[in-house]
Amino acid sequence: MQLEKSVVTVYRLTEIPKDLKYTRTHEWIKVTGSNAKIGITDYAQGELHEIVYVEIPEVGREVSKGGEFAAVESVKARSEIISPVSGKVVNANLSLVEGDEPAKPELINEDPYGKGWIAEIEISSQDELSDLLSAEEYLKFIESKK
Amino acid sequence: MVNRTSLYEEHVSLSAKMFEFGGWEMPLWYSSINEEHLNVRNNTGMFDVSHMGKMLITGANCQKIFERLVTRKLSAYPPGKCLYTLMLGEGGRVIDDMIVTNISSERIFVVCNAGTRERVMDWISHRKESLTLQDLTRDLACIAVQGPRTMEMLRDFMDPSIFSLKRYQAGFSALDIDGYEKESSDELQWARNLHIGRPGEGVPALISRTGYTGEDGFEIFPRSRDARIIWRKFLEKGKAQSICPTGLGARDTLRLEKCYLLSGHDFDGTRTALEADAEFAIDWDHDFVGKNALEEKRKVPHDKLVAFESVDRGIPREGYQISDASAVQIGKVTSGTMSPCLGKGIGMGYVTASYSAQGTKIIYSVGSRRIEAEVVAKPFLKKIK
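Chains as they are written, first to last, in my numbering: chain A, 1 to 146; chain B, 147 to 531.
In structure tokens, the structure reads:
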């Protein structure tokens, strides 16, 4: 996603989970076998602030690396979420949207790496994982933006 | 170069998220736009809106001369009256909206938008050379206190007579602020004829019962150097009324629920007062720049700024295209948000005349998604509680 320039928050490496990979557009991805869970980083949710609406992808949809496949909206603005890998959506986080229960978009603010996950994708090519950032590299990246 | 108000340090010490607005570094939010919004609707909120353009205009027959440049007939209203008015170009297009306060027949006080201040000042000084225009933007601060518990909160600070000011009425008074040391010089001398209440030793300020939230409240104009002590004391004593510092983020969502226009967004110099649906701010019984153009344009159908609510789930945003059911483009969104009070996506936008009636179904596009919405009566939020 695109974030407007402005950073005051100081990030420590310990706050960025080491077992995840990251993008320069502030998504995280957790690979388990051939599947990967995707969400947005703590830094991104902090910059967006209160998330009031989430658009999750339909299960079965094909997504391509670098393509927009979901969106989050804060009070102020909409941000597209960009897929870190190509593949097929096999699961999406229904608790973020209205269904039998009221929507809980705030889960992304409260627990961006956990209950605030957005979708799970069956990865079509493991090769695409190689250019994703490690926690250290992502930290350097966000620090370079200050 | 970005400007800062005299309350900048206060915002920083309250850990506000700062952003640039109209050339000023201003607080966007302190804790949360939603919480601040709801607190203004339920209790009371305090805003630093010192970035607003503030001018004193003086000269013989000031009101009579100046009213040619705005849509309200200033000379028909008494001293102390605050008038929401528009400044139009020759084509009847809205240059800016502003509150003009009648001080006396030789003096008026104008509050315009930050982003259009220079344009407005140029416009005035090129047309009305007999008037003297003094830019008080930096000399005066503006602290807005808004919400149903505002009057209760201010009781300790103000002479009781201040509360008898009606909506859109202003007076000059002194605020009782502990620890304030009176200074002799007085940039507010020009407002003293609007004096109400006891002649206090307190902090001098022009106080008007106006605002941009749809709630009851005051906009208080003290000297810039006195703003901090007022701000701090209000925050301290207002705890009993759950006062919260409130950023411009909530100010935007509050005004949108009430369908108040936002300069540079809902009008930007290209839309007429008729298109902006702002005839309520026009006194037709006087001559003003743009009047002839409006009278001509009134005779033919024109675009109109409408309010609409999302029927499908979605949030309209400025710049989104509006179309009809058969995907023909009929307009554009100028303001949009998720309404904190209504819990749905609301917006305003210009549409062609035939789609402006209440109940008309329109579609706005978010990327590839088409979201159905319905034109509704203004404002979204009907009553002051």
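For glycine and all other residues, C-beta sits at the position ideal for the given N, C-alpha and C. Because the structure is a prediction, the values reported are computed rather than measured.
Going by beta-carbon coordinates alone, are Glu236(B) and Gly436(B) separated by less than 8 Å? For Glu236(B) and Gly436(B), yes; Cβs fall inside 8 Å.
How far does the alpha helix (DSSP H) with Ser370(B) in it reach, from first residue to last? No alpha helix (DSSP H) contains Ser370(B), which DSSP labels as neither H nor E.
Mind listing the chain A neighbours of Trp175(B)? Cutoff is C-beta to C-beta under 8 Å, in chain order. Simply His49.
Determine the chain A residues that contact Met484(B) at a beta-carbon separation under 8 Å, and present them in chain order. Under the 8 Å cutoff, chain A gives Val52, Tyr53, Glu73, Val75.
Any beta carbon from chain A within less than 8 Å of Ile461(B)'s own beta carbon? Nearest CB-CB separation between Ile461(B) and chain A: below the 8 Å threshold.
Hey, could you find the ends of the alpha helix (DSSP H) Trp269(B) is sitting in? Where Trp269(B) is concerned, the enclosing alpha helix (DSSP H) stretches over 263-273.
Have a look at Ile353(B) and Arg401(B) and give me their C-alpha separation to the nearest angstrom. The alpha-carbon atoms of Ile353(B) and Arg401(B) are separated by roughly 20 Å.
Let me know the alpha helix (DSSP H) ranges lying completely inside the region 206-268 of chain B, each 4 residues or longer, listed in chain order. Entirely contained in the region 206-268 of chain B, the alpha helix (DSSP H) runs reaching 4 residues are, in chain order, 208-212.
Near Ala422(B), which residues of its chain fall below 6 Å by C-beta distance, leaving aside the five closest residues on each side in sequence? If we look at Ala422(B) and ignore the five residues flanking it on each side, its Cβ neighbours are Val240, Phe413, Leu451.
Given 8 Å, three or more beta-carbon pairs between the region 360-367 of chain B and the region 485-492 of chain B: These segments do not touch.
Taking C-beta to C-beta, are Ile16(A) and Glu27(A) nearer than 8 Å? In terms of Cβ geometry, Ile16(A) and Glu27(A) do not form a close pair [threshold 8 Å].
Looking only at its own chain, which residues have a Cβ that is under 7 Å from the Cβ of Glu502(B), when we skip the five neighbours before and after it? Here the sequence assigns Ser to residue 502(B), which means Glu is not the residue at that position. Apart from the 5 residues on each side of it in sequence, Ser502(B) sits with its Cβ closer than 7 Å to the Cβ of Lys450, Val452, Val521 in its chain, given in chain order.
Short of 9 Å Cβ to Cβ, which residues in the region 90-102 of chain A face chain B? Listed by position, the residues of the region 90-102 of chain A near chain B (Cβ gap below 9 Å) are Val97, Glu98.
From what residue to what residue does the beta strand (DSSP E) around Leu202(B) run? First-last of the beta strand (DSSP E) with Leu202(B): 199-204.
Span separating the alpha-carbon of Phe526(B) from that of Gly325(B): One C-alpha to the other measures close to 43 Å.
Which same chain residues end up closer than 8 Å to Arg61(A) when comparing Cβ atoms and leaving out the 5 residues on each side of it in sequence? Excluding positions up to five away in sequence, the list reads Phe69, Lys88, Val89.
Rounding to the nearest angstrom, what Cα-Cα distance links Ile389(B) and Val186(B) in this structure? In a straight line, the C-alpha of Ile389(B) is about 8 Å away from that of Val186(B).
If you follow the alpha helix (DSSP H) that Lys443(B) is part of, which residue opens it and which one closes it? From DSSP, the alpha helix (DSSP H) with Lys443(B) extends over 437-443.
Rounded C-alpha distance that separates Ala316(B) from Phe454(B): Annotation: Ala316(B) to Phe454(B) spans about 34 Å, alpha carbon to alpha carbon.
Quick one: which chain B residues come within Cβ less than 8 Å of Arg78(A)? Simply Ile461, Arg463, Val512.
Rank Ala135(A), Glu128(A), Tyr138(A) by C-alpha distance to the C-alpha of Ser64(A) and give the top, closest one. The residue with the shortest Cα to Cα distance from Ser64(A) is Glu128(A).
Taking only three categories from DSSP, how would you classify Gln315(B)? Here Gln315(B) sits in strand by DSSP.
Distance cutoff 8 Å, beta carbons only. Does Ser178(B) sit that close to anything in chain A? At least one chain A Cβ lies under 8 Å of Ser178(B).
Span of the beta strand (DSSP E) holding Gln475(B)? Residues 475-484.
Alpha carbon to alpha carbon, how far is Met267(B) from Thr217(B)? Give it in angstroms, no decimals. If you take the alpha carbons of Thr217(B) and Met267(B), they lie about 17 Å apart.
Please list, in chain order, all residues of the same chain as Leu229(B) whose beta carbon is under 6 Å from its beta carbon, the five residues on each side excluded. Close CB contacts of Leu229(B) within its chain, under the 6 Å cut and outside five residues either way in sequence, are with Arg218, Val246 (chain order).
Give a yes or no on whether the minimum CB-CB distance between Thr359(B) and chain A is below 8 Å. Interface with chain A (8 Å Cβ-Cβ cutoff): Thr359(B) is excluded.
So what's Asn149(A) in DSSP terms, helix, strand or just coil? Nothing about residue 149(A) can be reported from this structure: the residues present for chain A run from 1 to 146 only.
Which residues mark the beginning and the end of the alpha helix (DSSP H) in which Thr296(B) is found? Start and end: 296-300.
Classify Glu347(B): buried if its beta carbon has 16 or more other beta carbons within 10 angstroms, exposed otherwise. Under this definition Glu347(B) is an exposed residue.
Can you list, in chain order, the residues of the region 397-421 of chain B whose Cβ is nearer than 7 Å to any Cβ on chain A? Of all residues in the region 397-421 of chain B, Thr399 have a Cβ within less than 7 Å of some Cβ in chain A.
Between Gly495(B) and chain A, is any beta-carbon pair separated by less than 8 Å? Cβ-Cβ to chain A under 8 Å: no for Gly495(B).
Give me whichever residues DSSP pairs with Ile289(B) in a beta bridge. According to DSSP, which records beta bridges pairwise, Ile289(B) is partnered with Asp194(B), Ile366(B).
Looking at Val148(B) and Gly199(B), is the spacing between their C-beta atoms short of 8 Å? Between Gly199(B) and Val148(B), the C-beta gap is not smaller than 8 Å, which leaves the two residues out of contact.
Would Gly395(B) pass as an interface residue toward chain A - the criterion being a Cβ-Cβ separation below 8 Å? So yes, Gly395(B) belongs to the interface.
Beta-ladder partner(s) of Tyr22(A), from DSSP: Per DSSP, Trp28(A), Leu133(A).
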